[in-house]
Ligand code: IVH
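Residue numbers (this note's numbering): 7 to 724.
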């Protein structure tokens, strides 16, 4: 027996060595010498032996990459050295200024800099002690991040052990990314399963790393690229450019191209050269980082409050390309709004093929004078949904006619053939048929979406099929679905069927069951009432006990009454008093509104809400919810006036990724305490809550002197 075990131990070690070697050849050198199949065979032999002799399993075995158990939450770990961010610029002029500035600070010295790719992924720190991977962490707020060691271990290009000559302590920093092919495949899969799609590879990578179950992460096609070091012991180098060969020698996937430059001209040349080749990298890049090469010089240059003086990130302009607009099709949204979508001659932008772009609405098309047959310029900003920027008028075909939406669809809803009407106060056309299947589908999708009832497994395709097969005629029908019905649901076509399956169905039904008890605010939002977004839903929920209460709201009727009778002093005053007393309104502070009041929600919203519950659809929903025993409760702050809440009157704008909460969560927290969240920074903004990789809002806030806080400060505030 012992003999058996000894033999197994030997074989296991051989297999591990072989697998490590092939991992290295495959991931680091991109030169595999065996087929995937052969590799899988070795891997399986190892798994079999380890299953037979569980005592021989060691944490550094290649099989343990996916070995961890799902976590309840990520442990928070402090960084040995803070993970900072860089100053960003889009202008070459500022790169010149940057170099001129450091030349001024270090007069009469040669200042070689390194130009390297700015990787558009998710920042990580990896700590190796005596050559073994000990910890992997996200940046978090720069000081404290999530311990994601289990997840990082599933990434095959991250060596578990460094090669010979590893220093005592080596912290490397880099980015986790998802390669484009893997990203597209993952999204295809998700589409088939009706799950929400990731907007771009970076989000997909970030979403993957947030998974608490490493088994899920193991299935995601992630990679890592490292570009520098953090804390080290026993690393003896004096310039940054020596890091790359060192990292590679140790078996780490380092940045593949970098340039040393000694003048502004050389810096700009390198930036341009990188731009020409960066789309060939497996990872996405959005710029070039320019860093002073000498560590001694870096030390003398030091830091500003937020970033080092010795580095700058130059971001490449978003790529624009020309293509032909083949057609304009019309999509029907959940409220019946008809949205024009451009059908394009497929074209490669920022590395992916684009064949559709949103055109927003008819006015936008008129304003830009976009016509079918035109050559248009499209842009993929941040690699999200592409947009049509402008028309190349000189290339317009003679016979191209101005676009007329109603004529284009023969004045009928293109989905159900129902009547359409142009909404006078809105720039949109609407399908008037409440039973339009396209609308129902979108409403089902909306009800199930994140932020609404959060029924993750019911996405676009599933909603489509549920409506198409007549299993769901209105969103609340979801609550009557049975596992068996869902399991049999064919998400494919009649010729190529693909059923939803028992497992997914059970998951979906469980999520639907959970949704029954979600609070009133979520339900009000989920019902897709016109003009009721998340903020309004939360406000309404604070002042009403139940859906019924909202449907027959005296407060909302008072709001309407007040606005109608505003000119008849007497009765308006009476209503105003009542609203103020209820905490639903306050006296206006502005000169214009003098003597008037400002209500928690305005008359338009009040009208929409009351109309909704008065309509046949609204009444039916109320009845159905009652029948189904669904009675969402409010998080009502009773009579306590919102004005007394700690964040009352404060306006927040959010940007970037927060370390430990989603933006929706942050918004909920702010609103629960009486604050508001708006989407753009202005002088009226009180706080900018900024996370990692903040967008242009950050610069705007700086410019306007708006107070910028991070998650830690925000938590304190709460
Ligand atoms: S150096 C103090 N180099 O961009 C300097 N960062 O806004 C620390 N990034 O936090 C960063 N590629 O997440 C550096 N070649 C590169 C990079 C890079 C991407 C990320 C990183 C950093 C952020 C800076």
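Here a beta-carbon is modelled for each residue, glycine too, at the ideal position from N, C-alpha and C.
Indicate whether residue i and residue j have their beta-carbon atoms separated by less than 8 Å.
i	j	result
residue 547	residue 614	no
residue 398	residue 381	yes
residue 177	residue 261	no
residue 86	residue 168	no
residue 211	residue 182	yes
residue 730	residue 697	The structure shown does not extend to residue 730, since the chain spans only 7 to 724, so no value can be given for it.
residue 619	residue 534	no
residue 187	residue 136	no
residue 138	residue 66	yes
residue 123	residue 258	no
residue 736	residue 605	Any question about residue 736 goes unanswered here, given that the chain covers just 7 to 724.
residue 616	residue 588	no
residue 331	residue 348	yes
residue 374	residue 394	yes
residue 326	residue 368	no
residue 126	residue 292	yes
residue 69	residue 53	yes
With DSSP collapsed to three states, give me the class of residue i.
i	result
residue 568	helix
residue 82	strand
residue 599	Note that residue 599 has pLDDT 49, beneath the 50 cutoff, so the model's placement of it is unreliable and the number below is only indicative. Looking at residue 599 - three-state DSSP - the assignment turns out to be coil, as it is neither helix nor strand.
residue 141	strand
residue 688	coil
residue 398	coil
residue 409	coil
residue 386	coil
residue 309	strand
residue 726	Absent from the structure is residue 726, since the part of the chain shown begins at 7 and ends at 724.
residue 491	helix
residue 66	coil
residue 333	strand
residue 706	helix
residue 203	coil
residue 699	coil
residue 300	strand
residue 418	strand
residue 717	helix
residue 53	helix
residue 645	For residue 645, the predicted model reports a pLDDT of 42, less than 50, meaning its position is unreliable; a value from the coordinates is still stated below. Residue 645: coil per DSSP, three-state reduction.
residue 454	helix
residue 789	Residue numbering for the chain in the displayed model covers 7 to 724; residue 789 lies beyond these limits and cannot be assessed.
residue 196	helix
Checking the sheet assignment: what are the DSSP bridge partners for residue i?
i	result
residue 184	228
residue 658	683, 693
residue 426	437
residue 25	According to DSSP, which records beta bridges pairwise, residue 25 is partnered with nothing at all.
residue 153	143
residue 593	603
residue 496	505
residue 94	319
residue 134	139, 176
residue 124	293
residue 280	Paired residue(s): none; residue 280 is not in a bridge.
residue 314	309
residue 328	383
residue 343	436
residue 239	175
Who are the near neighbours of residue i in its chain, counting only those whose CB is closer than 7 Å to its CB and skipping five residues on each side?
i	result
residue 470	447
residue 451	465, 466, 469
residue 627	482, 533
Enumerate in chain order the residues of its own chain whose CB-to-CB distance from residue i is below 8 Å, with the five nearest sequence positions on each side excluded.
i	result
residue 552	526, 637, 638, 639, 640
residue 276	121, 265, 267, 294
If you drop the 5 nearest sequence neighbours on each side, which residues of the same chain put their C-beta closer than 6 Å to that of residue i?
i	result
residue 429	436
residue 148	88, 89
residue 316	298, 304, 307
residue 247	120, 266, 299
residue 150	82, 84
residue 673	683
residue 189	207, 210
residue 713	693
Should residue i be flagged as near chain B, meaning a C-beta pair shorter than 8 Å?
i	result
residue 190	Among the chains of the structure shown, chain B does not appear; only one protein chain is present.
- Task: Anything with a beta carbon under 5 Å from a heavy atom of ligand 1 counts; list them all in chain order.
- Result: 90, 91, 92, 122, 124, 125, 129, 233, 295, 314
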